[in-house]
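Anchor point for the sequence shown: position 769 equals 769 in full-length UniProt numbering, and the numbering is continuous, going up by one each time. Ideal Cβ placement from N, Cα and C applies to all residues, glycine included. None of these values were measured; they are calculated from a predicted model. For reference, the structure discussed in these notes is given below.
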Amino acid sequence: MGPISKKRGRDTVKEDAAVDGSLKKRKRQYTEQDQKLAKIYNDLADERNDVRIEAAKNLIIEFRKDNEPSGEFIERNLARLIRGLCSGRKQARFGFFIALSELLRQFYQDEQLMDGVPPLEKLVDKINELTGIDGSVDGKERRDHLFGRVTAYKALLQSAALLQTESAKSDYWPGVLDEIYKLAGDVPWLREECGMMMCEFIKNSISPHTVNQVFAKEILIKLESHKLSKTPEGVAIWLSVQSRFPEMDLPDGVWRKADPLCSKERSNLSEAMRQSVEQEPVVIEEKKGPKGKKSRKNEPKVKNGTWQHKPNFAWDVVLLEAIKQKPKASKFKQFWIELIDNGLFAPKSSSERKFWGFAIFSKVVGTAPSPIIPALFTPNLLRCLINQRVESERGLHEAALEPLKKIRARVHKEPQLAAVVVESLLSGDGTIAFDRMTKSKTVEEVMGSANGDAFVEILRVLTQLIRSALTDEQKTADSHRQILADLILSAVKTHITDQAAVEGLSDPESWLNQALNTLALFGYFAPKKTATSDTVPLPPLTESSRKMFQARLSSCLAHIFTKVDDASPWPLSVVININSQANSSPSYRLTLEMDDLVSQSINKAHKILGSIEEGALESTSKEKAAMRAFKLLYAFTLLEVYGGNADAVSMLDDLQTCHDSLTSSSSEDSQPFTLLVELLLSFLSKPGTLYKRLAEQTFPAFTAEMDEDTLLSLLDILTKSESLTGQQEIFDEDQDVEEEQEEQEGDSASENDDASDVEMLDGGSDESGEEESTDAGEDEADDEELQKFDAMLAKTLMTKLPNGNIAPNDSEDEDTSDGEDMDDDQMMALEPHLAKIFQQRQSLSNRTRKKENKNAKETMINFKNRVLGLLVIYVKREYRNPLALKLLQPLLQLMRTTTSQDNVAKNANEVMHQYYSACTKNKTLPFINSDEAEGVWEMLREVHDEVKKEGSKVHGAACSRASLFIVKLLVSSDKAHYVKAVEIYAKTQNEWFMQSKLVIQPTFFTEWISWSNELRKPSVQKVVKKDSKEE
């Protein structure tokens, strides 16, 4: 017999009974309802919101009274829903929350509860029990359970179950508040969630009736008892109750006047809103362990849980209530400065606070009422915003970009805000260089979004800023004024995009005319001695600044030229306004110093402009085009006069001569048109796009009146060499004027010519501003080398410098050297030094000459391109005129001789292409009578002579097409001319064959044969048809 075991024998009877019971449970069948519920619970966790909502609806149907759910069924599923809130699976928490809140609303809407529904006093305990933690779990699961508990409380509040009966309000409500506030106090990273939950409950669930005041007051009493009143969440809850129940007596002793927004509480409110909460030990209730005890667990210390990028929701509540209570910008600004500017953007504020500040500003500037917007741009905020954008290494460099985007978006939505935003960013606490410093186009885009009224107000602000420049330093003032002028130019370019954009803007009081007049005011006027202090620019405007304003005015007008059909109203309005200001302004005078003759010319010009305006209404369409051209020419010539151009006065006199001659009924002289073309050429020779546009808009009015001499004056320019000699031939300069002109023309090469209506022209001679500054630097370097050369020469010869100064290091020898001559030995000793010095001088002279030739070449290329632009206009309008044929040979010659094959030659070829295209498109050729035929034959011979000269393939192809065009013209007038054309082609081909050095592309002859074949086809077809009929 083995040893007896000390263990107590098993009760086999009880154990067998337990096994039998377990087997019975296992035999419970999986019903169709279980399958349906499994799908519903799975759908409650789905990623798609619509699926979750549909699942919640289906679950609620299962608990309807008419379905007679059992108590066990309700209890089991209610527990499952509460536990499901702790799940981190997919979107389970959101789906289970929807279902639970709606079920609680359904369960507690009747006083008689269904079986299985716990009474309210037990529901909170059940929530705490089911969301508790079993044993030791990791941090993520602990967070899931705590979030689940908060979400369960939220479902309870949203269900309004606690509001159904008076007993619920008095018996259960304080306990629920204790649980929520305790959780908010013990777990700092849940505090915001709890606060947001309470605010939503106050706003959406409690009706603002007197009966609910005690209920609402309890919220604040419990808030203070848990020491949460002066936290961001506590402030939000207090203000939510205060807003919902404005007549209710609020608890005393917490805030002065029971209002956190009281002006005397601003410092306390600011401290409360930005406080950092040190976490106290957190007690997390767990289910009872094996020993039946609850354990306590301390969470690690944190500040407000973890720092979040998104500011606390309480800021939205506080600012919304502040705006409601303080709708005036002046009162709101005081609140904003204390809470935001000094609270978040103080110089010693952390980067985290500033980040929140940018986020709050971005939200408020996008949503606040319009009157509040000016109050948002406070000193510390703007300073921080600018500083963070200045350098990309700054920690908040990218974060500071979002406020700028929101500013632009708000103004784009409400253009009337543009003026206050521009004033806030550029003046006061902002800076005129705001866009440059923030590396953005904020001000530029805001001005581009402004409507007419706002832009007029912006111009008022900019005018004041131009006068003050916000600095006492002249160099900085010049820079600031250029920025302001550029902003006006940019706004004009942004707004004027097409013909429709200028509708109604020709009125003198329109924003566009006011913008142009603002630029003209500072470009052509200076303050009088009697001017009041508020009209005097300080520091004073320099001459370079005035020229800059004139240039920006020209750029505005040039842009208008490219966008509208008739640009004459705006330059005309500018000169009329200048004349009016000059005659009547008490504060300003023209900077132009003029004698009586100049004054008389100006006055006479304005009288003629007035007469043109009066006669425009009764003019024919052709006369109106001419009058419009005269208005433009007079307006721009007057601008040249006001700008101090000495030659412009004589241009005024020439214009008057042209006008008088053309308006005289007895005059048939073509001289006025020749003079007009010469005036246009003088404008074309000026730098910048504006004068090119002017010529292009005025030239079409006179093309029909041009005779051969007038056309030849244009062609003569194309024959000049692209060099210093060619430039001198055109401009007839003496040496001193030449140097000055070359410098100006060199500058003109840096102007960017916009694409005109003459689509073929591309300004190949344009250069960048960098090259322009390089040229200026070369000039300075050359001057320095000349000075060094003079000093070396004076030192070597022991003489004085050209300016009378003594050569360096020789002042002590001046008395001895002046009275002594060098002997032969001394002279011989100097010879190597002199040779070296003059060699350096020669090298400097060569560099200067090369630069002069380079500038002259660029000037001539640019000038020829603009003349070709006029010729494109001419051939498009006068393709029927036989005079246009005289363009072909000079253009072919230009293609061959120009040094700019990629530019001038291309544009010359394009003029001919446009000529042929106009004839083809309109199915019309120039009409030639018998008297003119011989002249056309001579043109054909000139083209054949041209093709024999050495040129590019493009030149040869152009000669071939020109020859065929002329032959086509001759044959169309008389088919017998074909024989003579054959003779000319045969002669050319014979020379090509016999002279080996003569290079003519074979295509010149093959294209002639092809054209002849095409011409012959209709006749051949007629003969073939006739023969076939006879057969």
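Check your understanding: Val-999: buried (16+ other C-beta within 10 angstroms of its C-beta) or exposed?
Key -> Numbered from 1 along the sequence shown, position 999 holds the residue referred to as residue 999. It is exposed - the Cβ of Val-999 has fewer than 16 other Cβ atoms within 10 Å.
Review point. So does the stretch 551-567 actually touch the stretch 466-479, counting three or more Cβ pairs closer than 8 Å?
Key: No, the stretch 551-567 does not touch the stretch 466-479.
Exercise for review: Could you pull out every unbroken alpha helix (DSSP H) segment of at least 4 residues lying fully inside the stretch 574-658, listed in chain order?
Suggested key: Taken in chain order, the complete alpha helix (DSSP H) segments of 4 residues or longer contained in the stretch 574-658 are 596-615, 621-642.
Point to revise | Cutoff 8 Å; reference Lys-324; Cβ partners in own chain excluding five residues on either side | key: As a first step, residue 324 is located in the sequence shown; it is residue number 324 there, counting from the start. Around Lys-324: Ser-243.
Point to revise | Leu-516 versus Arg-849 - alpha carbon distance | key: Along the sequence shown, read from residue 1 onward, the residue named residue 516 stands at position 516. Along the sequence shown, read from residue 1 onward, the residue named residue 849 stands at position 849. Rounded to the nearest whole angstrom, the C-alpha separation of Leu-516 and Arg-849 is 41 Å.
Exercise for review: Assuming Val-354 contacts Arg-389 (C-beta within less than 8 Å), just tell me the rounded distance between them.
Suggested key: Reading the sequence shown from its first residue, position 354 is the one you call residue 354. Reading the sequence shown from its first residue, position 389 is the one you call residue 389. The sequence shown places Lys at residue 354, not Val. Incorrect: roughly 13 Å between the Cβ atoms, too far for contact.
Review point. Taking C-alpha atoms, which residue in Ala-646, Ala-605, Gly-688 lies nearest to Cys-658?
Key: Taking the first residue of the sequence shown as 1, we reach residue 658 at position 658. The shortest C-alpha separation from Cys-658 is found at Ala-605.
Review point. Roughly how many angstroms lie between the CA atoms of Lys-921 and His-913, to the nearest whole one?
Key: Indexing the sequence shown from 1 puts residue 921 at position 921. Indexing the sequence shown from 1 puts residue 913 at position 913. Looking at the two C-alpha atoms, the distance is approximately 12 Å.
Practice item. Give the straight-line distance between the Cα atoms of Trp-1011 and Arg-961, rounded to the nearest whole angstrom. Key: Here the question's residue 1011 lines up with position 1011 in the sequence shown. Here the question's residue 961 lines up with position 961 in the sequence shown. Distance between the alpha carbons of Trp-1011 and Arg-961 is about 10 Å.
Exercise for review: Return the CA-CA distance between Asp-252 and Leu-59, expressed in angstroms with no decimal places.
Suggested key: Taking the sequence shown and counting its residues from 1, one reaches residue 252 at position 252. Taking the sequence shown and counting its residues from 1, one reaches residue 59 at position 59. Roughly 46 Å between the two C-alpha positions.
Check your understanding: Pro-719: which of Leu-382, Pro-569, Val-904 sits nearest, CA to CA?
Key -> Here residue 719 refers to the residue found at position 719 of the sequence shown. Before going further, note that residue 719 is Thr rather than Pro in the sequence given. Ranked by Cα distance from Thr-719, the first of Leu-382, Pro-569, Val-904 is Val-904.
Practice item. Please report how far the alpha carbon of Lys-182 lies from the alpha carbon of Gln-275, in whole angstroms. Key: In the sequence shown, counting from the first residue as 1, residue 182 sits at position 182. In the sequence shown, counting from the first residue as 1, residue 275 sits at position 275. Rounded to whole angstroms, Lys-182 to Gln-275 spans 19 Å at the Cα level.
Point to revise | Ser-601 versus Phe-522: straight-line alpha-carbon distance, rounded | key: For this step, residue 601 is matched to residue 601 along the sequence shown. For this step, residue 522 is matched to residue 522 along the sequence shown. Separation of Ser-601 and Phe-522 (C-alpha to C-alpha, rounded to the nearest whole angstrom) is 23 Å.
Review point. If you scan the stretch 309-369 from start to end, which runs of the alpha helix (DSSP H) of 4 or more residues do you find wholly inside it?
Key: Listed in chain order, the alpha helix (DSSP H) elements of length 4 or more contained wholly in the stretch 309-369 are 314-325, 329-336, 351-367.
Point to revise | Euclidean distance between Cα positions of Phe-361 and Leu-489 | key: What you label residue 361 is simply residue 361 of the sequence shown in a count that begins at 1. What you label residue 489 is simply residue 489 of the sequence shown in a count that begins at 1. Each residue's alpha carbon lies about 30 Å from the other.
Review point. Contact between the stretch 145-155 and the stretch 88-104: three or more CB pairs below 8 Å?
Key: With three or more CB-CB distances shorter than 8 Å, the stretch 145-155 counts as touching the stretch 88-104.
Exercise for review: Report, in whole angstroms, the separation of the C-beta atoms of Pro-415 and Trp-356, which I expect to be a contact under 8 Å.
Suggested key: Here residue 415 corresponds to residue number 415 of the sequence shown, with the count starting at 1. Here residue 356 corresponds to residue number 356 of the sequence shown, with the count starting at 1. Contact annotation, Pro-415 with Trp-356: C-beta distance approximately 30 Å; criterion of less than 8 Å not satisfied.
Check your understanding: Is residue 1033 helix, strand or coil by DSSP?
Key -> Since the first residue of the chain shown is 1 and the last is 1031, residue 1033 is not available in this structure.
Check your understanding: Is the number of C-beta pairs between the stretch 573-580 and the stretch 694-712 that are closer than 8 Å three or more?
Key -> Result no; under three Cβ-Cβ pairs closer than 8 Å.
**Study point:** Residues sharing a beta bridge with Ala-526, DSSP
**Key:** Within the sequence shown, the letter at position 526 stands for residue 526. Within the DSSP secondary-structure output, Ala-526 pairs in a beta bridge with Arg-589.
Exercise for review: Measure the CB-CB distance between Val-943 and Leu-885 and report whether it falls below 8 Å.
Suggested key: Start at 1 with the first residue of the sequence shown, and residue 943 comes out as number 943. Start at 1 with the first residue of the sequence shown, and residue 885 comes out as number 885. 8 Å or more divides the Cβ of Val-943 from the Cβ of Leu-885.
Check your understanding: Helix, strand or coil: how does DSSP classify Ile-133 here?
Key -> Within the sequence shown, numbered from 1, the residue matching residue 133 stands at position 133. Ile-133 sits in a strand when the DSSP states are folded into three classes.
Practice item. Below 6 Å CB to CB, which residues in the same chain sit around Ala-635 once its five sequence neighbours on both sides are set aside? Key: Taking the sequence shown and counting its residues from 1, the one referred to as residue 635 is at position 635. Pro-571, Leu-572, Val-575.
Check your understanding: In its own chain, which residues sit with a C-beta less than 6 Å from the C-beta of Leu-675, not counting the 5 before and 5 after it?
Key -> The residue you call residue 675 lines up with position 675 of the sequence shown. By the criterion of a C-beta distance shorter than 6 Å, Leu-675 is surrounded in its chain by Asp-654, Cys-658, once the five residues flanking it on both sides are discounted.
Review point. Applying the criterion that 16 or more other CB atoms from any shown protein chain within 10 Å of the CB defines a buried residue, is Arg-866 buried or exposed?
Key: The count along the sequence shown starts at 1 and reaches residue 866 at position 866. The residue in question, Arg-866, is buried, as its Cβ has 16 or more Cβ neighbours within 10 Å.
Check your understanding: Which residue comes first and which comes last in the alpha helix (DSSP H) that contains Leu-190?
Key -> Position 190 of the sequence shown holds residue 190. Boundaries of the alpha helix (DSSP H) harbouring Leu-190: 188-204, taken from the DSSP string.
Point to revise | Alpha-carbon to alpha-carbon, Tyr-915 and residue 1039 | key: Lying before the first or after the last residue shown, residue 1039 is absent from the chain, which here runs from 1 to 1031.
Point to revise | Stretch pair the stretch 578-588 + the stretch 676-695: three plus CB contacts closer than 8 Å | key: With the cut-off at 8 Å, the stretch 578-588 and the stretch 676-695 do not touch.
Exercise for review: Could you have a look at Met-706 and say whether DSSP puts it in helix, strand or coil?
Suggested key: Position 706 of the sequence shown, counting from 1, holds the residue named residue 706. Secondary structure of Met-706 (DSSP, three-state): coil.
Point to revise | Identity of the residue in Asn-929, Thr-924, Met-196, Pro-890 nearest Val-911 by Cα | key: Position 911 of the sequence shown holds residue 911. Minimum Cα distance to Val-911 is reached at Pro-890.
Review point. How long is the line joining the alpha carbons of Ile-337 and Gln-158, rounded to whole angstroms?
Key: The sequence position of residue 337 within the sequence shown is 337, counting from 1. The sequence position of residue 158 within the sequence shown is 158, counting from 1. For Ile-337 and Gln-158, the distance between alpha carbons rounds to 37 Å.
Check your understanding: Is there at least one Cβ from chain C nearer than 8 Å to Lys-36's Cβ?
Key -> Within the model displayed, chain C is absent; a lone protein chain is all it includes.
Review point. What is the residue span of the alpha helix (DSSP H) that Val-943 lies within?
Key: As a first step, residue 943 is located in the sequence shown; it is residue number 943 there, counting from the start. Under the DSSP assignment, Val-943 falls in the alpha helix (DSSP H) whose first and last residues are 930-947.
Exercise for review: Look at Ser-427 and Arg-481 and say whether their C-beta atoms are less than 8 Å apart.
Suggested key: Looking up residue 427 in the sequence shown gives position 427. Looking up residue 481 in the sequence shown gives position 481. No, Cβ-Cβ distance for Ser-427 and Arg-481 is not below 8 Å.
Review point. Looking at the structure shown, is Glu-179 part of a helix, part of a strand, or coil, going by DSSP?
Key: Sequence index remark: in the sequence shown, residue 179 carries index 179 (1-based). Look at Glu-179 here: in three-state DSSP terms it is helix.
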